[in-house]
């Protein structure tokens, strides 16, 4: 049975990095991409009706929106459509020990790669933030929790790992 680090409570703090350099000027809320599996309808002899079968490792288009309070140099380093963007989020997740209630922290790291798909320069209003955004079409995501790889999806290299298990190893061997 897996060891439970504690009861997850909140993201205590996080930083965002662009190709290893810490970003400044982002907002306090970054929505991670959604993964929606590609499916195929299965029906025929011996099946009552039909059902949708997921195709492991195949996911629809994935986007990640990167918000900025105001335009800055980092923003413009990310908008060249010919260059991939690599974003890393490093967070301290606050947990409460189940037996004692003591507060502790575990690390979380999320790496996303892709190319800019949508550029929103934002609004200019005196005394207010601009709400500038860049939307990245994601082709790679890695999620590590407490030092363990729990998810890795690399669309261009045919790699899909869940809880340390290479789900597509047999597929790559057969093709």
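Residue numbers (my numbering): 12 to 186.
Glycine included, each C-beta is placed from N, C-alpha and C at the ideal position.
* Do you know how far the Cα of residue 131 is from the Cα of residue 34? -> To locate residue 34, count along the chain shown from 1; it is residue 23. To locate residue 131, count along the chain shown from 1; it is residue 120. Going from the Cα of residue 34 to the Cα of residue 131 covers about 18 Å.
* In or out: residue 124 buried (at least 16 other Cβ within 10 Å) or exposed? -> The sequence position of residue 124 within the chain shown is 113, counting from 1. With 16 or more neighbouring CB atoms inside 10 Å of its own CB, residue 124 falls in the buried class.
* **Cβ-based burial, residue 149 [other Cβ within 10 Å; buried from 16]** => Here the question's residue 149 lines up with position 138 in the chain shown. Residue 149 should be labelled buried.
* Bridge-paired residues (DSSP) for residue 112 -> Start at 1 with the first residue of the chain shown, and residue 112 comes out as number 101. DSSP lists no partner for residue 112.
* State yes or no: is the C-beta of residue 77 within less than 8 Å of the C-beta of residue 144? => Along the chain shown, read from residue 1 onward, the residue named residue 77 stands at position 66. Along the chain shown, read from residue 1 onward, the residue named residue 144 stands at position 133. Yes. Within cutoff.
* To the nearest whole angstrom, what separates the beta carbons of residue 43 and residue 75, a pair I think is in contact under 8 Å? -> Position 32 of the chain shown holds residue 43. Position 64 of the chain shown holds residue 75. Right, the Cβ-Cβ distance comes to about 7 Å (below 8 Å), so this counts as a contact.
* Asked: Where does residue 128 fall in DSSP's three states?
  -> One-based indexing of the chain shown puts residue 128 at position 117. Here residue 128 sits in strand by DSSP.
* Asked: To the nearest angstrom, how far is it from the Cα of residue 100 to the Cα of residue 55?
  -> Along the chain shown, read from residue 1 onward, the residue named residue 100 stands at position 89. Along the chain shown, read from residue 1 onward, the residue named residue 55 stands at position 44. Taking the straight line from one Cα to the other gives about 46 Å.
* For residue 122, which of helix, strand or coil comes out of DSSP? -> Against the chain shown, residue 122 aligns to sequence position 111. Strand, per DSSP.
* So is residue 18 buried or exposed if we call it buried at 16+ other beta carbons inside 10 Å? -> Position 7 of the chain shown, counted from the first residue, corresponds to residue 18. By the 10 Å Cβ count, residue 18 comes out exposed.
* C-alpha gap between residue 72 and residue 27, whole angstroms -> For the purposes of this step, residue 72 is identified with residue 61 of the chain shown, where counting begins at 1. For the purposes of this step, residue 27 is identified with residue 16 of the chain shown, where counting begins at 1. Looking at the two C-alpha atoms, the distance is approximately 23 Å.
* To do: Count the other CB atoms, across all protein chains shown, that sit within 10 Å of the CB of residue 51; report buried if there are 16 or more and exposed otherwise.
  => Against the chain shown, residue 51 aligns to sequence position 40. By the 10 Å Cβ count, residue 51 comes out exposed.
* Inter-stretch contact at 8 Å, needing at least 3 Cβ pairs: the region 149-163 / the region 113-128 -> With the rule of 3 Cβ pairs closer than 8 Å, the region 149-163 counts as touching the region 113-128.
* Residue from 47, 22, 107 and 186 with nearest C-alpha to residue 66 -> To locate residue 66, count along the chain shown from 1; it is residue 55. Looking at the Cα atoms, 47 is the closest of the given residues.
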